[in-house]
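Protein chains in written order, with this note's numbering: chain A, 16 to 771; chain B, 16 to 771.
2 protein chains.
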Amino acid sequence: MAERIMTTIDGNTACATVAHKTNEVIAIYPITPSTSMGELADELSARGQKNIWGTVPLVVEMQSEGGAAGAVHGALQTGALTTTFTASQGLLLMIPNMYKIAGELTPTVFHVSARSLSAQALSIFGDHSDIAAIRGTGWALLCSNSVQEAQDFALIAQAATLESRVPFVHFFDGFRTSSEVNKIEELSDEVLRAMVSDDLVQAHRARSLNPEHPVARGTSQGPDVYFQGRETVNPFYVQVPAIIQKAMDKFAALTGRQYHLYDYVGAPDAERVIVVMGSGAEVTEETAHFLMKQGEKVGLLKVHMFRPFNPALLAAALPKTVKKLAVLDRAKEPGSVGEPLYEDCVTAAVEAGLQVEIIGGRYGLSSKEFTPAMAKAVYDELAKPNPKNHFTVGIVDDVTFTSLDVDPSFDTEPSDVVRALFYGLGSDGTVGANKNSIKIIGEETDFYAQGYFEYDAKKSGGNTVSHLRFGPRPIRHACLVTSANFVGCHQFSLIEQFDILGSIVKGGTLLLNSPYPASETWDRLPRKVQDQIIAKDVQLYVIDAYDVAAKVGLGGRMNTILQTCFFALSGVLPRDEAIAKIKEAIVKTYGKRGQKVIDMNFAGVDQALANMHQIKVPAAASGTLAMRPPVKGAAVPDFVANVTARMILREGDSIPVSAMPVDGTFPVGTTQYEKRFIALETPIWNPAVCIQCGKCAMACPHAVIRLKVYDPAVLEGAPEGFRSVDARGREFAGMKFTVQESIEDCTGCGLCVEAC
Amino acid sequence: MAERIMTTIDGNTACATVAHKTNEVIAIYPITPSTSMGELADELSARGQKNIWGTVPLVVEMQSEGGAAGAVHGALQTGALTTTFTASQGLLLMIPNMYKIAGELTPTVFHVSARSLSAQALSIFGDHSDIAAIRGTGWALLCSNSVQEAQDFALIAQAATLESRVPFVHFFDGFRTSSEVNKIEELSDEVLRAMVSDDLVQAHRARSLNPEHPVARGTSQGPDVYFQGRETVNPFYVQVPAIIQKAMDKFAALTGRQYHLYDYVGAPDAERVIVVMGSGAEVTEETAHFLMKQGEKVGLLKVHMFRPFNPALLAAALPKTVKKLAVLDRAKEPGSVGEPLYEDCVTAAVEAGLQVEIIGGRYGLSSKEFTPAMAKAVYDELAKPNPKNHFTVGIVDDVTFTSLDVDPSFDTEPSDVVRALFYGLGSDGTVGANKNSIKIIGEETDFYAQGYFEYDAKKSGGNTVSHLRFGPRPIRHACLVTSANFVGCHQFSLIEQFDILGSIVKGGTLLLNSPYPASETWDRLPRKVQDQIIAKDVQLYVIDAYDVAAKVGLGGRMNTILQTCFFALSGVLPRDEAIAKIKEAIVKTYGKRGQKVIDMNFAGVDQALANMHQIKVPAAASGTLAMRPPVKGAAVPDFVANVTARMILREGDSIPVSAMPVDGTFPVGTTQYEKRFIALETPIWNPAVCIQCGKCAMACPHAVIRLKVYDPAVLEGAPEGFRSVDARGREFAGMKFTVQESIEDCTGCGLCVEAC
């Protein structure tokens, strides 16, 4: 067995690294959340990184996923080992080629970060709808449940496709796995080489279209022989399960990590079993272990091989004691009897003669959280005399009443895992610094680490929430942090609006980036926040990181400063060691920008702790400030108040089905009600120097600056301090002129100032 | 109830006529076998044909089916009633838009002539693989089993989509239904108007994207609300079955034709039931009735509503006595537990608590024949103690042994149905004349009529076989004619190669178009044919129709002449009446080409019977001619001998699975072995006038003419009559020159003569 080398990377990186090492042609077209796999492959080849045979894979970007699939099909026919990365609608565009690639028994692996399909709305987030849509193409479908598996199965799939000649889709959960950073054991080139048989590569080459030994392929067959031709592939599909298992067993011998097509985990005498694939299996596994310790006879069956689906192996993997199965699908097919995995399991049970009661349910559509509490709700449902079939879990369905009740207080997370939450704004450096922190902890300590990052749709200037975990064991808790020991609020405006302390544990630490002096900050907090701090005995630390950054020459880049504070407060590493590692990371990240940038960042780190202050929390709250409402306006429409506002407040999960439009139709003109207050600095009109050129208004991309020329009479009753000057220009003689800024909507981008 | 108006048309025409009458925008892209639906719609609009609201639908051809689906999606969002027609890969390209159209609850009907998907080879023929590939899109899927239903369900689907807001795919079997000509009851505009509610059309309009009442649609939803949004549609899907049934009931009140979502037919106490959809249901229904008369407790469940799939309604439609179900799928999904309809039925049975044993099987892929004998094989299998699951029927699977044994002698066809087979060559007018004959009989008599036409892939000059039936009851025998009362062989070369009399009944009639005088024809027949004629007591009639055609000025167009002979011999109509109808048809068909053409055809008709002769068949065969072998060559490769040759002989159905390549790979250069002998006239080189310019060889599109300049020494041992002249040109001094024609490969196109 090779030496254990640990690395802390996300699922896409884990997968694409193996794919790049074991292919020769890679045709790509970007689609979230698979994009970074193609980008990484492109970057590796651009850097001259070679595959295990010593050649640099050719990476080519096509005009669409349809083109990528066609390019892959063509390259495969030349005998090249070929792959692509995609998701969602991208995968849909590959369907026509996929039927042909399978019909021609062509070995390849497509790596898919599974994502929702556009229906009532598009969604870039993760579920298995796209995988469900291709389950009839004749491809083997192999599911990874974690970052570690996304790497390992990328290799196992490559080995198995070459031996079986059946093409593989290797998939894992978009975002939850593709973008989760986790500490995994890296595969060495020796393992890669041992798993991929050169003989089978040669056999693939020998089947290529080649003028030296010409054959005709892609012909037309009619009623006389097409049916027989279609049945010729049966023996190949019959062999696939054994071939995958053989690859898994060989992989286990090489790495010590043993997988099975259907991995049962749980009580050996389990009566209630959940069948699930993807990251939900990790959560369910944690839950099952937790419940087993309480004496419950529960377990779960992890489906790695979704196609070919094998009833006998599935039945054999289950304990004989099973009475009830709940099959969880991360997909919805309206009008079907049930979702795909459920229908497969029902049919498999009938064929295998299993005497079990089976229910099916949907969970986690579009990266909807799937938590231990939800897994427990499913086990609880199974325990009822007449469990609900075709349920949903994770939402409130007050229309067709499919949803299960979930006890939100149920949690399985061990207390020795450090859980940290960071609130920031898109592009403020928070996410980048956190990825750095995970890498430092994951790679420089024995701790395992996990990071997951939420972004809203507003990108730069939108909200970001970073969910970090550090602990002594591999972290399989594939869901958001809901009870944090540490909360970092990197933007003061966020604590004025969002329930940032809702998920802090009693005695937890809050690090607040405050533009106010430490002495003033307490009084600037909304009353509700003060109450929470007192009630939860929160340790409150504040720093004006923007001020520190400005002083050391970093401008608005306060991320390394706050990162330093986090390390100091969390104690995951000894303080000096942490600071040394942060500085190493700074050299790595900013090295190519020159010594000056490095020095400024070093200064930021050194200044951070000096400028961080613990606030003595008073015994009673005294604040008078209310939380800032999510929407504002003279007449806020009901829909905005009941739906949009809750989404803005990050409380969209609690919106019931009845509140959502049935066909994706939304009212227009609703952004006017959302006031984000995200600008640290806003422009102030200086009437004394203004030449009334209007460039500021034209330059503002957020329509925040308005110019008005008006009758002086309307100034009557203007609020105090409202400024105006005489309008310039002959045609405006006798009129007044004002430039007004909506600072609630301003992003502080500074373009108006540049234009002035 | 409206007046019964009968019409004799194919399934595409039946469907597209209704679609054109009930839509406003039609976006098309041609793909076999749906093409003629788009063409008809285009033609109707070009002619100014109005829909039931008095406007001419806008028909627009896009750049691909992807574009057609996008155009449909867009037009629907403007509130226009919109449709398209497609099949196979075309439907695959529509998948991304289909998820969105369903997610947005947009009423529309796509009409699909279901076709195989390209896998190991493309196929233009019919099965349900394309429908299976879209079953997850959230569309209602409504299946027509016959030409009558293709018309009726086009309307029922339009009514139901408007009421339910769920989009519909209305599908029927490609070729078997789309291209079968049958006598059906036509829908009047009154029925169309009664079925399509103006209020629902207005409701669709009111939901359109319109600047007068702007809304946002096609937004992005994230993990917070996408799941809830996706579940909002549940009540709409719950209502679909009742809405379709209501439309079916209203349709029944208007037309007298009552349909149900799941139509059970058969013994009220049936124990063995076949579940099937599409034209196979027609065949199964005939078979069930036949077996019931023999006391067998059998029945069938016709699935019209494939999505939403409703377990309770399905179970309710079955008799309580059912013990075993065989679910037939016209699709294959390698790696699945079972095919789609099978998995649905198993799940439905479990959910409905049905105590039945269920097996599933594949049939009819790519228009593979599905006959009463095959339906009986399935019933027989069900009667066994351990019936085979995942069987195939209609092929010989000697690899994984899935196939059921079929007794080819079993037939259910009533003796009062006239069955006629016509063998011709593509473009020789045979198919056109037969379509004319069906129309004459269908529309001018009380007889029901059915026509189905086989073409091979060679188009012009390829083989055609026309299968015609006429009888006193509606003809549901949706398979080829295998026991013909009448066989027309329109090309003499065909009887020299193909087993044309293999399916003639004892005492049946053979009409042979012979280029030889009647007195010589018997001796020109292969010995095997003579034996068959004698053994089966065949009434043999011959005519030199090409000679008649040439004499009356019709050139090579002998179709009306042979049509006249058919009417005279078959006796379906009184001879004089038949001739009058043929002449009417000639005026209709050729009227616009002028009186002269009409007169020539009339003369052909009049001359036909005078030139037709019955041959007195001797008591014993005396011929010495062998059947012409399908392939020829010095060293015919095994594959050509065992596979290609059998396909050429129209015996491809009997090729077993083991003989077919597993991945669609075929040897190249095999056309050299096939000698078609289809030219009526072939060129003869005239050395006396030849200037050796070489134009003849250059002009030949079939590479039939070769020029050689060679050493006179090689002439030694040349066969007698081998012609050569001195080669022209100084550089060829002393050499010989020959032009040689391969008349076996010549098509008689005449281009060499024109070039000379």
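Positions of the beta carbon are idealized from the N, C-alpha and C atoms, including for glycine.
- Residues of chain B whose Cβ lies closer than 9 Å to the Cβ of Ile515/A do not exist; the shortest such Cβ separation is about 17 Å.
- Under the three-pair Cβ rule at 8 Å, the stretch 523 to 535 of chain B does not count as touching the stretch 453 to 473 of chain B.
- With fewer than 16 other beta carbons inside 10 angstroms of its own, Pro716/B counts as exposed.
- Within chain A, the residues whose beta carbon sits less than 9 Å from that of Tyr114/B are Gln104, Leu107, Leu132, Ser133, Ala134, Ser144, Ala148, listed in sequence order.
- Of all residues in the stretch 251 to 271 of chain B, only Phe251, Tyr252, Val253, Val255 place a beta-carbon less than 8 Å from a beta-carbon of chain A.
- Below 8 Å, enough C-beta pairs join the stretch 89 to 108 of chain A and the stretch 144 to 160 of chain A to call them touching: three or more.
- Between Gln243/B and Met713/A, the C-beta gap is not smaller than 8 Å, which leaves the two residues out of contact.
- Contact annotation for Asp359/A against chain B: Ser351, Val352, Glu358 [CB-CB distance below 8 Å, chain order].
- Here DSSP, grouped into helix, strand and coil, assigns Thr101/B to strand.
- When Cβ pairs closer than 8 Å are counted between the two stretches, the stretch 412 to 422 of chain B is seen not to touch the stretch 219 to 231 of chain B, the count staying below three.
- Of all residues in the stretch 671 to 691 of chain A, the ones placed with a Cβ closer than 9 Å to any Cβ belonging to chain B are Pro671, Val672, Ser673, Ala674, Met675, Pro676, Val677, Asp678, Gly679, Thr680, Phe681, Pro682, Val683, Gly684, Thr685, in chain order.
- If you draw a 10 Å sphere on the C-beta of Val729/B, you find fewer than 16 other C-beta atoms in it, and that means exposed.
- In terms of Cβ geometry, Asp25/A and Val184/A do not form a close pair [threshold 8 Å].
- For Met662/A, a Cβ of chain B is located within less than 8 Å of the residue's own Cβ.
- Cys158/B is bridged by DSSP to Phe186/B.
- Boundaries of the beta strand (DSSP E) harbouring Asp25/B: 21 to 25, taken from the DSSP string.
- When only Cα atoms are considered, Pro698/A and Val206/A end up about 59 Å apart.
- Secondary structure note for Lys598/B: its alpha helix (DSSP H) is the uninterrupted segment 590 to 605.
- Cβ-Cβ distances below 7 Å link Thr445/B to Phe437, Gly439, Thr479, Ser481, His505, Asn574 in the same chain, with the five nearest sequence neighbours on each side left out; the list follows chain order.
- Its Cα nearest to that of Cys30/A, the residue Ile171/A stands out among Ile171/A, Ala83/A, Tyr44/A, Leu120/A.
- Look at Arg232/B: its C-beta is under 8 Å from a C-beta on chain A.
- Residues Leu170, Ile171, Gln173, Ala174, Ala262, Lys265, Phe266, Leu269 of the same chain have their beta carbon placed closer than 8 Å to that of Met210/A, with the five preceding and five following residues left out of the count.
- Using a Cβ-Cβ cut-off of 7 Å, Val365/B is close to Val361, Val365 of chain A, given in chain order.
- In the three-state reduction of the DSSP assignment, Gln163/B falls in the helix class, which pools H, G and I.
- Our two residues, Asp167/B and Glu178/B, have alpha carbons roughly 17 Å apart in a direct line.
- Assignment of Gln506/A by DSSP, reduced to helix, strand and coil, places it in the coil class.
- Along the stretch 518 to 544 of chain A, the alpha helix (DSSP H) occurs as fully enclosed runs of 4 or more residues at 533 to 539, listed in sequence order.
- Look at the stretch 267 to 306 of chain A and you find these whole runs of beta strand (DSSP E), each 3 residues long or longer: 277 to 281, 287 to 291.
- Identification of residues in the stretch 428 to 459 of chain A having a C-beta nearer than 8 Å to some C-beta of chain B yields an empty set.
- When secondary structure is reduced to three states using DSSP, Ala84/B falls in the helix class.
- Of the other Cβ atoms in all chains shown, fewer than 16 fall within 10 Å of the Cβ of Gln370/B; this residue is therefore exposed.
- Pairing Ala636/B with Glu689/B, the inter-Cα distance amounts to about 29 Å.
- Pairing Glu200/B with Arg19/B, the inter-Cα distance amounts to about 6 Å.
- In the pairwise beta carbon analysis, the stretch 501 to 521 of chain B is classified as touching the stretch 536 to 545 of chain B: at least three pairs are separated by under 8 Å.
- By the rule that beta-carbons nearer than 8 Å mark a contact, Thr407/A touches chain B.
- When DSSP states are grouped into helix, strand and coil, Gly69/A belongs to the coil group.
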